[in-house]
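Residue 56 in full-length UniProt numbering sits at position 56 of the sequence shown; the count goes up by one each step and never skips.
In this text, a Cβ means the ideal position worked out from N, Cα and C, and glycines have one as well.
Scroll down for the structure; my scribbles are underneath it.
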Amino acid sequence: MDHFYNHPDRLIADVLEGVALTTGVHYSEDPAARILMRPDWQPDREGRDRVAVISGGGSGHEPAHAGFIGQGMLTAAVAGELFASPSVEAILAAIRACCSDAGCLLVIKNYTGDRLNFGLAAERAREEGYRVASVIVADDIALPDTDQPRGLAGTVLVHKVAGFHAERGDDLDTVEQRTLHMVQGVKSLGMALSSAALPGQRGERRSPELGLGIHNEPGARRVDPGTAEEAAALVVDPLKEALTDTDNTLMLINNLGGCAPQEMQVLARECLKRWGSDRVRCLVGPASLMSSLDMHGFSISVVAADDDLTEAVTAPTTAAAWPGATTERQATAFTPTFSRTTEPGSGARDAERASHLTRLAEAIRDSEAELDELDARTGDGDAGATFAAGARAILEALKQDRLSTGDDAELAGELGRLFASAMGGSSGVLLSILMTATAQALEAGSDWPNALQAGVERMQHYGGAQEGDRTLLDALIPAVRTLVEGNPMADAARRAREGADATAKLERAGAGRSAQVPSESLSGVVDPGAEAIARALEALARS
């Protein structure tokens, strides 16, 4: 299975039913006339006095055209088979369903089948007394010598302009003329790294081409861009030559179906830089607007953006697939705050507490090799290095007199920031959470034992581990509990040692890397994080 399709014969029906289910548009299930229509556009509903805007074409280009049905865009869309024009009868049925005395405008992409079938349907509708106008979109510039440029994603901008003028109540002549203004100005060009894969077929994909058609028609030439920047240049530069006014541009950036969101953002960046971001007055996308199944490519559509076109394109619409248009996109850099404004170590000093911290840090630093050895048996072997990095950071801060050893809350907060910056992995973050939450509790008036208890609770909240999960909490929780009960540090250290040693008997880890380790590898091995906590508290008890 290469794609999430059902049977190839059901693809179009499944797609259109999906559109109806997800957007709420009305859908004709008759395979002879696959018509999707605005749910509020009924013969007896208010609003039928406005011009209807109808478009369509071969399927496989979704969200075009059905995704653009809604107030302010299309009244209805007529879908043909894959890459094939809808029938004359289907188009005529759509006209009959939508057209009131105000008339309707047909938006036709410049392909032979679409021109002929929509054209004949329009003539027959006029014969029946309907007022029908039409515009033909031929925005592709890939083949400059052709007499019949193809219709591409610029068609979506045409939908938007036509729908805007129809929605505000303009008459048919005005809707047609304002739409022609967009039709005559918009230019599009695409590039694809590979062609679209047709359902049920396993043909060889085409190599990268500039101007590859949305029905896999040949492009202008083979290309071999090495970067997104080079790809953007291949598309943008010809468009700049084709557009007479490039100072106030409306740009649409279209995903042809197979580009990841990350690719589209990179391409958008490069296209805007190449064109000149300050010269793009209005931007639509990047988004998938007119695709070609899974074609791995993109297209750019541009038009000189006067006030009328900008108003039409930026106006609201209920069409589900319209991504909106932005006119204010100036990227403004800012400098984030990485540290507190107060200088580290700005609080009081306490020589005895500094001595206690030194003994603790030295004990952990000197345990690096043993902790690494423990971790190598159940993890990636770097626990000792991680804890030792935090210990060395404490020793260096003490040496430089940068810790507020005489101010409880300040000291806890400084240790929290130190652990976050000096220690790698989750252990550093967890210990930073512990000390940061402890600092907040101390600032609020708690004593050290109860503040540490608050810190442990925040560790559990964010880390997800509990006592018995074979983590450093198996030593820390019983030790803090002992302190909260009013017992001395020696008792807390003893409880931490008991908790650490007990992890060797736990054959299942509930958190951390060792949670992925088989139970036989855990048996008899003390958790290195719990061991580090036990050694730290034992050093404090001896000091």
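- A straight-line Cα-Cα distance of about 43 angstroms links residue 92 and residue 270.
- Ranking 419, 446, 22, 447 by CA distance to the CA of residue 434 puts 419 first.
- Runs of the beta strand (DSSP E) lying entirely within the stretch 148-201 and spanning at least 3 residues, in chain order: 187-194.
- Here the C-alpha atom of residue 236 lies approximately 37 angstroms from the C-alpha atom of residue 21.
- In this structure residue 156 is not in contact with residue 135, their Cβ atoms being roughly 14 angstroms apart against a cut-off of 8 angstroms.
- Taking the Cα of residue 170 as reference, the smallest distance to any Cα among 79, 51, 9 is reached at 51.
- Beta-bridge pairing by DSSP links residue 255 to 298.
- The residue from 412, 309, 326, 276 with its alpha-carbon nearest to that of residue 443 is 412.
- Going by beta carbons, residue 72 and residue 172 fall outside the 7 angstroms limit.
- In this chain, the beta strand (DSSP E) harbouring residue 35 covers 34-37.
- Contact between residue 493 and residue 474 is ruled out by a C-beta separation of about 14 angstroms, above the 8 angstroms threshold.
- The residues 286, in chain order, have a CB closer than 8 angstroms to that of residue 265 in the same chain once the five nearest residues on each side in sequence are set aside.
- Taking 7 angstroms as the cut-off, the beta carbon of residue 55 is found closer than this to the beta carbon of residue 74.
- Shown here, residue 143 sits in coil according to DSSP, grouped into three states, outside any helix or strand.
- For residue 145 and residue 24, the gap between their C-alpha atoms comes out near 43 angstroms.
- Membership of residue 535 in the alpha helix (DSSP H) is indicated by the continuous run 528-542.
- Close CB contacts of residue 19 within its chain, under the 6 angstroms cut and outside five residues either way in sequence, are with 66 (chain order).
- Only exposed fits residue 488, as fewer than 16 other CB atoms lie within 10 angstroms of its CB.
- Residue 35 and residue 78 do touch by the CB rule: their CB atoms are close to 6 angstroms apart, below 8 angstroms.
- Inclusion of residue 371 and residue 383 in the CB contact set at 7 angstroms is warranted, their separation being smaller than that value.
- At a cut-off of 4 residues, the continuous stretches assigned as alpha helix (DSSP H) that sit fully inside the stretch 425-485 are 425-443, 448-463, 473-484.
- In the three-state DSSP reduction, residue 282 falls in the strand class (E or B).
- Here DSSP, grouped into helix, strand and coil, assigns residue 89 to helix.
- In the structure shown, the three-state DSSP call for residue 99 is coil.
- Between residue 198 and residue 208 the beta-carbon gap is near 19 angstroms, outside 8 angstroms, which marks them as no contact.
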